[in-house]
Amino acid sequence: MFEGMGLGGCILQAEYKFFKKAVMVLFFSVTTPFGIALGIALSSVYKEKSPSSLITVGLLNASSAGLLIYMALVDIPPSRFHGA
Numbered sequence: 687m688f689e690g691m692g693l694g695g696c697i698l699q700a701e702y703k704f705f706k707k708a709v710m711v712l713f714f715s716v717t718t719p720f721g722i723a724l725g726i727a728l729s730s731v732y733k734e735k736s737p738s739s740l741i742t743v744g745l746l747n748a749s750s751a752g753l754l755i756y757m758a759l760v761d762i763p764p765s766r767f768h769g770a
């Protein structure tokens, strides 16, 4: 939920024209339910304790955490919090 709110805020603050913003919102709105449907479809064949599943989940979690840390340190400059 918070990543969706953050992405929506970034899309609104971007200096893009209306059409480009609308396309970004459309893709986000379409890919989220598609990912949920894909997860539901794959849940019957997913083995939670298999080594390949654990490695895949670990890599995806690490990349997600890395992207969030990058955004926090690079995309949000500290000067925004000091009134500069």
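If you're matching positions, the sequence shown starts at 687 in our numbering and goes up one per residue.
Even glycine gets a Cβ: it sits at the ideal position worked out from N, Cα and C.
Keep in mind the model is a prediction, meaning the values are calculated, not measured.
- With contacts defined by Cβ atoms closer than 7 Å, K707 and I722 do not form a contacting pair.
- Here Y732 has S739 as same chain residues with Cβ atoms under 8 Å from its own Cβ, once five neighbours each way along the sequence are excluded.
- Taking S715 as reference, the option from I755, L693, L754, A758 with the minimal CA-CA separation is L693.
- Spatial neighbours of A700 in its own chain (CB-CB distance under 6 Å, excluding positions within 5 residues in sequence) are not present.
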